[in-house]
Amino acid sequence: MACGGITERHIQGNTLRVGAGQSLALMPDGDIPQDLRVEVQQQAQLDLVVLHTDSRSLRLCVSQAEDSRVNLFLLTLGGDEVAQSVRVDLCGARAACGVFGVSAASRSQRYSSEVVVNHAAAACRSEQLFRQVADDSAVVSFEGRVVVAQDAQRTDARQSCKTLLLSEAARVHTLPHLEIYADDVKCSHGATVGQLSDEALFYLRSRGVGLAQARQLLLLGFADEVVQKISAESFRASVADLIAQKFSA
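Going letter by letter, the sequence shown gives residues 17 to 265 in this note's numbering.
In structure tokens:
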């Protein structure tokens, strides 16, 4: 597996191509185009980690051939305003994709994520898993859509978005959506909004953990479900460190 940032060897213009049978793990250092098309050929695999630390918008369109595997990780940890739009087209049979996200907003930051996964072929699998945190007067939003075409029988699609609001002024907008035209499918979606558990905070504090550290531990645990999806160990460790720094600020 090749690991590292996007180079000219991987991308031409605004297109990233993963050839048949290839396997790539990429974590760009801020060099991802604002409008990026990704083409993943048959039996290829791509893990792409996208980190936002500054204000920007991103439009990412992914096309997958049969038996391909794609995992996208969208980490929004900085910038006054970040808007990201992702579309994944599962064009070949037995293709699988995961779109995973962590957004941590504070002060007056505005973060939005829009994800569309289009099941156009049979026996494909998809997962959308997002964890959002908003503090102060920040606003976070997630709109996730799964579209299952009439011929996309034996689809397996899951979608989950959970949000923690850490202040009364913080806001969240979340909209999970399923659009199904086939009859042999397994699809689920859900969204929850809550606060840090008072019981969990009390448990940690009763064992000598300070309030700030207790909050950080709970927030890290909240985001960890997404972090653990990153298969490349070096990327996973880097992301965990960045999230820990964000939650300690």
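C-beta atoms are modelled at their ideal positions from N, C-alpha and C, and glycine is treated no differently.
Can you give me the Cβ contacts of residue i inside the same chain, cut-off strictly under 8 Å, excluding the 5 residues immediately before and after it?
| i | result |
| --- | --- |
| G35 | Q57 and A60 |
| V243 | V118, R252, V255, A256 and I259 |
| K245 | N87, F89, G114, F116 and L145 |
Mind checking whether residue i and residue j have CB atoms under 9 Å apart?
| i | j | result |
| --- | --- | --- |
| Q144 | G114 | yes |
| A81 | H135 | no |
| L194 | D151 | no |
| S73 | A99 | yes |
| P192 | F238 | no |
| L91 | V54 | no |
| S176 | A154 | no |
| Q169 | A216 | no |
Considering only residues of the same chain and omitting the five flanking positions on each side of residue i, which have a CB-CB separation below 6 Å?
| i | result |
| --- | --- |
| R14 | Because the chain here runs from 17 to 265, residue 14 falls outside it and cannot be looked at. |
| K178 | R147 and T208 |
| M43 | V65 and F251 |
Near residue i, what residues of its chain come up, given a Cβ to Cβ distance below 7 Å and the 5 sequence neighbours on each side ignored?
| i | result |
| --- | --- |
| K262 | L93 and A120 |
| H247 | Residue identity differs from the one stated: residue 247 is Ser in this sequence, not His. Closer than 7 Å at Cβ, skipping near neighbours: D63. |
| D70 | G94 and G95 |
| R85 | Q61 and A112 |
| R4 | Nothing about residue 4 can be read from this structure; the chain reaches only from 17 to 265. |
Roughly how many angstroms lie between the CA atoms of residue i and residue j, to the nearest whole one?
| i | j | result |
| --- | --- | --- |
| K202 | T171 | 6 Å |
| A165 | V225 | 51 Å |
| N30 | E130 | 20 Å |
| L106 | D214 | 42 Å |
| D240 | L234 | 10 Å |
Which residues bound the beta strand (DSSP E) around residue i?
| i | result |
| --- | --- |
| V243 | Premise fails: V243 lies in the alpha helix (DSSP H), L227 to V243, not in any beta strand (DSSP E). |
| I196 | R187 to I196 |
| S101 | E97 to L106 |
| Q80 | R72 to Q80 |
| C140 | That residue, C140, is in no beta strand (DSSP E); it is neither H nor E in DSSP. |
| N87 | R85 to T92 |
When burial is assigned at 16 or more other CB atoms within 10 Å of the CB, is residue i buried or exposed?
| i | result |
| --- | --- |
| T23 | Any reading at T23 is ruled out, since the residue's pLDDT is 48, under 50, leaving its predicted position unreliable. |
| F218 | exposed |
| Q229 | exposed |
| S250 | exposed |
| R223 | exposed |
| S79 | buried |
Looking at the unbroken alpha helix (DSSP H) that takes in residue i, where does it start and where does it end?
| i | result |
| --- | --- |
| R223 | That residue, R223, is in no alpha helix (DSSP H); it is neither H nor E in DSSP. |
| R252 | E249 to S264 |
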